[in-house]
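Residue numbers (the numbering used here), protein chains in the order written: chain A, 1 to 304; chain B, 1001 to 1244.
Right, one structure below, let's go through it.
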Amino acid sequence: MGQVNTKVTLCGIEMDNPIIPASGTFGYGYEFAELYDINCLGSFSFKGTTKDPRFGNPTPRIAECQSGMINAVGLQNPGVEKVISEELPKLAKCFDKPVMANVSGFAIEDYAYTCEKLDKEPQVGWLEVNVSCPNVHGGGMSFGTQPEAAAEVTRAVKAVTTKPVIIKLSPNVTDIVSIAKACEEAGADGISLINTLLGMRIDLRTKKPVIANKMGGFSGAAIFPVAVRMVYQVAHAVSIPVVGMGGVTTAEDVIELMLAGATAVEVGAANLVNPFASRDIVNDLPRVMEKYGIQNLTDIIGQA
Amino acid sequence: MKQEIFEIKSNVALTATVYKMVLVGDTSAITGPGQFVNILLEGFYLRRPISVNDCVEDELTIIYKAVGKGTEAMARMTAGQTLDVLTGLGNGYDLSLAGDKPLLIGGGVGVPPLYMLARQLREEGKDVFVILGFNTKDEVFCEEDFKALGCEVTVTTVDGSYGVKGFVTNALPENYTYFYTCGPEPMLKAVYKATATSGQFSFEERMGCGFGACMGCSCKTVTGNKRICKEGPVLVKEDILWDK
C-alpha cells in the first residue's frame, strides 16, 4: 500500500487532515503552540466568542466523571472586539491555516453581529455557530432545541456573511435530525455535532452539587457512542457536510466517526487531559488507516 | 510546561491522611516554589493537581492529602511505579519582594508548597518566620522540616492539643517585612485581614486541564480575569477580590 492520503475538503476548504481541536478546549491556539507546532492540525475551532465580554459562571465549574468530565464554564471570553484586536493577531503568529471561528449568542442579532465581524477576518475559514451551549441561561442551547429557532439563527448569520457557516448542534433534544434539516434548509453549509450532554454530579461530603451552576456539559470518552449515533443519523438525513465530535480520543475514533458520516472530526476534552492529544491523533492517523486498508480518508465518509 | 514520566522513589504516610511522595524524573520545567504538577492516574479521567513541596535536581517531592478516590489510589502506590506528570504549571511565589524577615503562613495541605519557598529564602540568608496551622495534634506535619532549615516555627491547632491554641492569625509575629501564604480560603481571608504588610496568596480551585486551556478555574481580580492554573495559583494581596 502506498502513501495514505489524509486530506479532506470541508465546505470547499481543503485540509491536510480532518483533525480539529474543539472550541473551548484549545483556547485561541497560542497556549498549545508553546507545546508543539500546531500547524500539524487540520484546523482548530477557537474559544466560543460572544458580542460582549463574558466572565462566565461562578466556580467550581468542573466535575470529574467516569471516563469524562462536566464543565460549566459559561462562555468566558473577552468579546468579539478584543478577540479580533488581541487574540487573532497572536493566533496568526503560530497558525497559518484557516481557522474555525466559534460564535455564541443570546439573541439572533448577537449571532449576526459577531459573525459579521469575524467573517471579515482573513484567517477565519469557517464560522461555527454554537446554538447548543448548555451552560448559559436564556440563550445558547435554547436556539438549538427548536428547528425553527435554529433555522432563524442560520438565516440571520448567512445574510451577513460570506464564509461557510457550520451550525453546532446540541444532543440534548428529542429529534436532532429535524433540527439539522431545518438548518440545512435555512442555508447552513455544514453541521457540527455533538456538543456536550447536560449532566450533573453531587458531592457526597457536602451533599450539594459539585458545580456552582449545578448542571453542566458532560464530555469525554464516555459520550463517544452517542456522538457516533447522532453523526450517523444526521449525516444520512442531510446533504451538507457533517463535522463529528464527542469523546474522540484516538485515531480509531476519528475513522469511526468518519465511517458514520463525518467529513472532519473535532477533538475536545482529550486535549485537556493530554495537551498533545490532537497532535498524537494526527501522527497516528496514517498508521491506523494502513491497518484498516484505507488509502484515501475521503473514501470512507459515511461508508457505514 | 512539560509532560514527563516519573518513577516513584518513595511514598510514605506523614499523618493518617497526608502522604509524602518522592518522584524521580525530568524536573527542568519547574522554575520556582509555588508551582504545581498535574498527575494522571489510571482509571481517572482528569489529572490531580498537587503543589510542589520541593524540587532538587531530578527529585520532585509532593505532599498530598487522600481526600477522594484518586488521591486514595495515589496513597496505595509504591516505589518503582511510574506516573505521567505535567510539570512546571502555574505562576509561583516571587521571592524578590520578601525583604529581610519574611513570614510564611500555611494551613493544612497548604503547608507543603511553603517548604521549597522557605528553603530558597533561607539560602538567600533571610530570617524566615513560619506559622503552620492545623486542626489538631494528630494532623501536624512538616514542622521539623522547616526547623531543619533554620526557620523560626510556630504551630497552631484549633483545639489547642499542640502548640498555640487557635488559628494561624493568633500567632502573627510583631515584625515581618512581607508574607506568603497557602491554605483553605477561610484562612486566606483571615490572613488578608490580619496582616500588616503586602503578601502573596496561593489559591486552590477545581481544575479541568491545569494549563490554561479550559477556563475551568477562572477568578476575577483587580487587574482582570485570571486563571488560577496559569496566572495563579499565586496572586498578590493587592490583586485579590474575595467576591470571585
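Yeah, the Cβ is synthetic: ideal placement off N, Cα and C, and Gly gets one too.
Confirm, please, whether the CB-CB distance from residue 1033 of chain B to residue 1108 of chain B is below 8 angstroms.
Contact flag unset, no.
Beta-carbon of residue 239 of chain A versus every beta-carbon of chain B: anything under 8 angstroms?
It does not; no Cβ of chain B falls within 8 angstroms.
Going by the beta-carbon positions, is the gap between residue 105 of chain A and residue 219 of chain A smaller than 8 angstroms?
Result no, Cβ atoms of residue 105 of chain A and residue 219 of chain A do not sit closer than 8 angstroms.
Among the candidates B:1141, B:1125, B:1126, whose CA atom is the shortest distance from the CA of residue 1132 of chain B?
Checking every option, the nearest Cα to that of residue 1132 of chain B belongs to B:1141.
Beta carbon of residue 263 of chain A, beta carbon of residue 301 of chain A: below 8 angstroms?
Their beta carbons are under 8 angstroms apart, which means residue 263 of chain A touches residue 301 of chain A by this criterion.
To which residues of the same chain is residue 1233 of chain B closer than 6 angstroms at the C-beta, ignoring the five residues directly before and after it?
Taken in chain order, the residues that qualify are 1090, 1202, 1203.
So for residue 93 of chain A, helix, strand or coil by DSSP?
Three-state result, residue 93 of chain A: helix.
Can you find the residues in the same chain that come closer than 7 angstroms, C-beta to C-beta, to residue 256 of chain A, ignoring five residues on each side of it along the sequence?
Excluding sequence neighbours, residue 256 of chain A sits near 228.
What's the C-alpha gap between residue 1160 of chain B and residue 1138 of chain B?
Cα to Cα, residue 1160 of chain B sits roughly 12 angstroms from residue 1138 of chain B.
Specify, as a first and last residue, the run of the alpha helix (DSSP H) that residue 178 of chain A falls within.
176 to 185 is the extent of the alpha helix (DSSP H) around residue 178 of chain A.
Are residue 1087 of chain B and residue 1020 of chain B touching if we call contact CB-CB under 8 angstroms?
Their beta carbons are not under 8 angstroms apart, which means residue 1087 of chain B does not touch residue 1020 of chain B by this criterion.
Distance cutoff 8 angstroms, beta carbons only. Does residue 1133 of chain B sit that close to anything in chain A?
It does not: the Cβ of residue 1133 of chain B has no partner Cβ on chain A nearer than 8 angstroms.
Is it the case that the stretch 155 to 173 of chain A contacts the stretch 125 to 134 of chain A, given that we only count it when at least three CB pairs across the two stretches are under 8 angstroms?
With a cut-off of 8 angstroms, the stretch 155 to 173 of chain A and the stretch 125 to 134 of chain A count as touching, because enough Cβ pairs lie within range.
Can you give me the start and stop residues for the beta strand (DSSP E) that residue 216 of chain A sits inside?
215 to 219 is the extent of the beta strand (DSSP E) around residue 216 of chain A.
Could you tell me whether any Cβ in chain B is nearer than 8 angstroms to the Cβ of residue 88 of chain A?
No, residue 88 of chain A lies away from the interface with chain B (no Cβ there is under 8 angstroms from its Cβ).
Can you list, in chain order, the residues of its chain with a C-beta nearer than 7 angstroms to that of residue 1054 of chain B? Leave out the 5 residues immediately preceding and following it.
Closer than 7 angstroms at the Cβ level, and outside the excluded window around residue 1054 of chain B, lie 1061, 1115, 1116, 1119.
Give the secondary structure of residue 1227 of chain B by DSSP, where H, G and I count as helix, E and B as strand, and everything else as coil.
Here residue 1227 of chain B sits in strand by DSSP.
Give the secondary structure of residue 278 of chain A by DSSP, where H, G and I count as helix, E and B as strand, and everything else as coil.
Three-state DSSP puts residue 278 of chain A in a helix.
Please name the residue in B:1013, B:1058, B:1051, B:1105 whose C-alpha comes closest to that of residue 1005 of chain B.
Looking at the Cα atoms, B:1058 is the closest of the given residues.
Near residue 209 of chain A, what residues of its chain come up, given a Cβ to Cβ distance below 8 angstroms and the 5 sequence neighbours on each side ignored?
Counting only Cβ-Cβ distances below 8 angstroms, and skipping sequence neighbours, we find 200, 201, 202, 203, 215.
Taking the beta strand (DSSP E) that residue 1146 of chain B falls in, what are its first and last residues?
Unbroken run through residue 1146 of chain B is the alpha helix (DSSP H), 1143 to 1148; no beta strand (DSSP E).
Taking the DSSP output, what are the residues bridged to residue 165 of chain A?
A:127, per the DSSP bridge assignment.
Can you tell me which of the three DSSP states residue 199 of chain A falls into?
Note: residue 199 of chain A maps to strand in three-state DSSP.
Any idea what DSSP makes of residue 1020 of chain B, helix, strand or coil?
Looking at residue 1020 of chain B - three-state DSSP - the assignment turns out to be strand.
Would you mind working out which of B:1035, B:1085, B:1106, B:1078 sits nearest residue 1008 of chain B, comparing C-alpha positions?
The residue with the shortest Cα to Cα distance from residue 1008 of chain B is B:1078.
Check for me: the alpha helix (DSSP H) holding residue 1116 of chain B runs from which residue to which?
Start and end: 1112 to 1123.
Can you give me the C-alpha to C-alpha distance between residue 80 of chain A and residue 44 of chain A, rounded to a whole angstrom?
Cα to Cα, the separation comes out at about 18 angstroms.
With three or more C-beta pairs closer than 8 angstroms as the rule, is the stretch 246 to 256 of chain A touching the stretch 281 to 288 of chain A?
Yes, the stretch 281 to 288 of chain A is in contact with the stretch 246 to 256 of chain A.
Beta-carbon within less than 8 angstroms of residue 173 of chain A's beta-carbon, same chain only, minus the 5 sequence neighbours each way: which residues are those?
Closer than 8 angstroms at the Cβ level, and outside the excluded window around residue 173 of chain A, lie 144, 145, 179.
Which chain B residues are close to residue 68 of chain A, counting only those with a beta carbon under 8 angstroms from its beta carbon?
Correct list: 1045.
Apart from the five residues just before and just after residue 186 of chain A, which ones in its own chain have a Cβ nearer than 6 angstroms to its Cβ?
Excluding residues within five positions, the ones whose Cβ falls inside 6 angstroms are 151, 154, 155.
Between residue 1189 of chain B and chain A, is any beta-carbon pair separated by less than 8 angstroms?
It does not; no Cβ of chain A falls within 8 angstroms.
Return the Cβ separation of residue 1178 of chain B and residue 1199 of chain B in integer angstroms, given the expectation that the two are a contact with Cβ distance under 8 angstroms.
Indeed they touch by this definition, with Cβ atoms about 6 angstroms apart.
Assuming residue 1087 of chain B is part of the beta strand (DSSP E), what are its boundary residues?
Per DSSP, residue 1087 of chain B belongs to the beta strand (DSSP E) from 1082 to 1089.
Could you tell me which of A:192, A:118, A:99 sits nearest to residue 15 of chain A, measuring between CA atoms?
Comparing Cα-Cα distances from residue 15 of chain A to each of A:192, A:118, A:99, the minimum goes to A:99.
Determine the contact status of residue 75 of chain A and residue 50 of chain A, defining contact as a CB-CB distance below 8 angstroms.
Closer than 8 angstroms, so yes.
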